[in-house]
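J.:
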């Protein structure tokens with residue numbers, strides 16, 4: 017059901033202020049303009065989700081081809097976790113790009129997990145793989161605390177209209 021517009025010259029909207037289609041310089045309805053930091057963070061998180069999805073596909077193919085595992089059900093559980101975390105990170109990237117408040121915490125936690133894996137990887141003899149994890153994670157953490165990103169990603173997810 018549509019709400020009546022405050023200004024008669026404006027068309028009536030359905031109450032959804034979805035910012036997914038708003039370009040970076042035009043916010044339209046009083047929301048701050050989408051800063052470039054949001055795009056960078058969303059891309060980093062989406063790439064991390066893609067990496068987890070690729071790892072899940074590889075892990076699943078190894079499981080199906082009969083690679084030796086200590087516990088079959090433990091391996092299935094690990095595969096499920098990889099898929100679940102990948103889906104979660106895709107949701108975080110999507111809703112952060114739209115300007116919601118809740119994905120900031122998810123993006124921060126994902127970057128902290130990446131740091132905890134990236135440091136031992138870098139110091140354990142794989143410096144390029146470690147740097148490939150550390151640099152985007154540090155960049156995303158710095159951008160998550162940028163005041164323009166915080167101002168943009170402050171939309172609360174309210175309930176849809178009842179009628």
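Numbering (our numbering), first residue to last: 17 to 179.
Every residue gets a Cβ at the ideal spot worked out from N, C-alpha and C, and that includes glycine.
What you are looking at is a predicted structure, and each value in this text was computed from that prediction instead of being measured.
(1) What's the gap between the Cα of residue 43 and the Cα of residue 57?
(2) Can you tell me whether residue 117 is helix, strand or coil according to DSSP?
(3) Just to confirm my understanding: we take residue 90, look at its own chain, exclude 5 residues before and 5 after, and list those with CB closer than 6 Å. What are they?
(4) Can you check which of these residues, 70, 153 and 116, is closest to residue 167 by C-alpha distance?
(5) Could you pull the start and end residues of the alpha helix (DSSP H) that residue 75 belongs to?
(6) Taking 7 Å as the threshold (C-beta atoms), are residue 126 and residue 102 in contact?
(7) Measuring CA to CA, which of 110, 77, 142 and 92 is closest to residue 63?
(8) What does the alpha-carbon distance come out to for the pair residue 80 and residue 86?
(9) Please go through the same chain and pick out, in chain order, the residues whose beta-carbon is closer than 7 Å to the beta-carbon of residue 160, but skip the five residues on each side of it.
T.: Concretely, from the data shown:
(1) Position 27 of the chain shown, counted from the first residue, corresponds to residue 43. Position 41 of the chain shown, counted from the first residue, corresponds to residue 57. Confidence is the limiting factor: at residue 43 the pLDDT is only 47, short of 50, which leaves the residue's position unreliable, though a coordinate-based value still follows. Going by the C-alpha atoms only, they are around 19 Å apart.
(2) Your numbering for residue 117 matches position 101 in the chain shown. Residue state, collapsed to three classes: coil.
(3) Counting from 1 along the chain shown, the entry for residue 90 is found at position 74. Same-chain partners within the cutoff: there are none.
(4) In the chain shown, the residue the question calls residue 167 occupies position 151. The option with the nearest alpha carbon to residue 167 is 116.
(5) Along the chain shown, one-based indexing puts residue 75 at 59. Taken as a continuous stretch (DSSP letters only), the alpha helix (DSSP H) holding residue 75 covers 52 to 80.
(6) Within the chain shown, the letter at position 86 stands for residue 102. Within the chain shown, the letter at position 110 stands for residue 126. No; because the gap between Cβ atoms is not below 7 Å, this pair is not in contact.
(7) Counting from 1 along the chain shown, the entry for residue 63 is found at position 47. For residue 63, the nearest C-alpha among the options comes from 110.
(8) As a working note, residue 80 is residue 64 in the chain shown. As a working note, residue 86 is residue 70 in the chain shown. Looking at the two C-alpha atoms, the distance is approximately 15 Å.
(9) In the chain shown, residue 160 corresponds to position 144, counting from 1. Closer than 7 Å at Cβ, skipping near neighbours: 57, 120, 123 and 124.
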